[in-house]
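All remarks here apply to the structure that follows.
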Amino acid sequence: MTANNERPMAGDKYARGLHYPLGVDWAPETLTPHEIAQGVYWLRMALPMKLDHINLWLLEDGDGWTIVDSCMNLSDAKAIWEQLFNGFMQRRPVKRVIATHMHPDHIGLAGWLCEQHDCELWMSRQEYLMCRNLTSYTGQEAPEAAIRFLVRAGMDENYIEQYRKRFGFFGEMISPLPDSYRRLIDGETFEVNGHYWQVLTTSGHSPEHVSLYCPGLKCMISGDQVLPRITPNVSIFPNEPNGDSLKEWLHGLERLRQILPDNLLVLPSHQEPFYGVRTRLTQIIESHDEGLDNLYQALIEPKRVIDCFSDLFKNPISNSTLNLAAGETLAHLNCLIGRKMATFEEDEQGVYWYQQVPEARQFD
Ligand SMILES: [Zn+2]
Ligand SMILES: [Zn+2]
């Protein structure tokens, strides 16, 4: 459901000012992870979609390993993990599996790995609970609340029919999570191989996303929180239609910009390791501010969610990205409503029409 993190609006314009120590055209071969910082290995696996890869991290941990993120629940990915364990990892014990967040490309094989290696799953509470909640819908029909959500956004019958058919896909990409887990809490630190890693949680892309910051190694495993050339998807979903995930997202970006030093090597889940985290955080914040501004201007006339895509996204929205585009548009609309800059009215068909509050000009 959030398998593709690309926000079409973000283009090359937002890639300026970053430094990639290994360039942007190189990534390790799947079975030969690359030591990117002392005892921290960069591992890349393929994903069967437009965003065609994910970066995973192996941390040397005494006589064993800590794994950070796991790839989707795919037989190919399982086979690669087995080859890695028997090869590069020298069959040394896996001490824990950490999941940055609950999206299938990150958590898909976490449960399976924990079972295989009889170890704990470490993740934040909201990610664990939300993941268990969402996967519980697998095999069921799309709930009425989800259909109402699509109608409000202006989706047509055709699209709603497609949605009904593919409902449950999210859970299929995730192997069952263990019945207990080790909770990661914002601000806490834990030690791996003599280095302390600090947990930094943020919300917006997912409920309680974990980034791992290691001051000693001057690096941060950033998950999907900070990516160098794509802006992570920030959406509203049917289970919380009035949420203001963009407000939370911007708050998290601001907070990281205050906390993190700029001489940090960022290890992102997609694309390549880079320096320039504060620059990148500023670019992401500015891209949303620009989006909010454009949307506000465009709402001089009443519009539905699906009428706003061209105001937010540079590329045309295809059927496969419609869901994400609608969720992200709604995130911007709800943010404007939260700032008292927009309102909406419901028509007889249950569709929401949004319009600007003309006298509200300043962002808070
Ligand atoms: Zn994600
Ligand atoms: Zn991701």
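Quick note on numbering: the sequence shown equals residues 602 to 965 in this note's numbering.
Even for Gly, the Cβ is constructed at its ideal location relative to N, Cα and C.
Nothing here was measured: the structure is a model prediction, and the numbers come from that model.
For residue i, the first and last residue of its enclosing alpha helix (DSSP H)
i	result
Val-867	First-last for Val-867: 866-869, but that is the beta strand (DSSP E), not the alpha helix (DSSP H).
Asp-706	705-708
His-718	711-718
Leu-644	Where Leu-644 is concerned, there is no enclosing alpha helix (DSSP H), although the beta strand (DSSP E) it sits in stretches over 641-647.
Gln-684	676-687
Contact belief for residue i with residue j at Cβ below 8 Å, rounded distance in angstroms
i	j	result
Leu-865	Val-878	5 Å
Trp-666	Met-690	6 Å
Leu-778	Gly-712	5 Å
Asn-674	Ser-737	With a Cβ gap of about 16 Å, Asn-674 and Ser-737 do not count as contacting.
Arg-783	Glu-721	5 Å
Ile-822	Leu-813	4 Å
Trp-723	Arg-697	5 Å
Ser-671	Gly-709	6 Å
Leu-714	Ile-655	At roughly 14 Å, the Cβ-Cβ gap does not stay under 8 Å, so Leu-714 and Ile-655 are not in contact.
Thr-701	His-810	6 Å
Phe-875	Leu-619	5 Å
Leu-934	Ala-943	6 Å
Leu-685	His-871	Rounded, the Cβ-Cβ distance is 20 Å, inconsistent with contact.
Arg-693	Asp-664	6 Å
Lys-848	Cys-732	The Cβ separation is near 23 Å, so there is no contact.
Glu-855	Ile-886	7 Å
Glu-636	Asn-794	Contact doesn't hold; Cβ gap of about 13 Å is too wide.
Pro-705	Met-774	4 Å
Tyr-764	Ala-743	6 Å
Met-646	Ile-699	Met-646 to Ile-699, Cβ: 16 Å. No contact.
Residue environment, residue i, which counts as buried when at least 16 other CB atoms sit within 10 Å
i	result
Ala-611	Residue placement at Ala-611 is poorly supported in this model, since its pLDDT is 42, which falls under 50; the coordinates are not used for a value here.
Glu-947	exposed
Val-625	exposed
Tyr-897	buried
Thr-832	buried
His-707	buried
Gln-741	exposed
Asn-687	exposed
Tyr-729	buried
Tyr-642	buried
Lys-941	exposed
Pro-634	buried
Leu-913	buried
Gln-826	buried
Ser-911	exposed
Gly-853	buried
Gly-951	exposed
Ile-945	First, the amino acid is wrong: residue 945 is Phe here, not Ile. With 16 or more other Cβ atoms within 10 Å, it is buried.
Trp-627	exposed
Extent of the continuous beta strand (DSSP E) to which residue i belongs
i	result
Phe-791	790-793
Arg-697	695-699
Asn-656	654-662
Gly-665	665-669
Ala-638	635-638
Gln-957	953-957
Val-800	796-803
Which parts of the segment 874-950 are runs of the alpha helix (DSSP H), unbroken and 4 residues or longer, counting only runs that do not cross its ends? Whole alpha helix (DSSP H) segments, 4+ residues: 878-899, 910-913 and 923-939.
Whole beta strand (DSSP E) elements within the segment 807-852, 3-residue minimum: 810-815 and 820-824
State whether the segment 899-907 contacts the segment 930-947, with contact taken as three or more CB pairs (one from each stretch) at a distance under 8 Å. Segments in contact, yes.
The segment 837-847 contacting the segment 793-803, beta-carbon criterion three pairs below 8 Å: no
Say whether the segment 953-961 touches the segment 756-772, bearing in mind that this needs 3 or more beta-carbon pairs closer than 8 Å, one atom from each stretch. no
Going residue by residue through the segment 718-781, where are the continuous beta strand (DSSP E) segments of at least 3 residues, counting only ones entirely within it? 721-724
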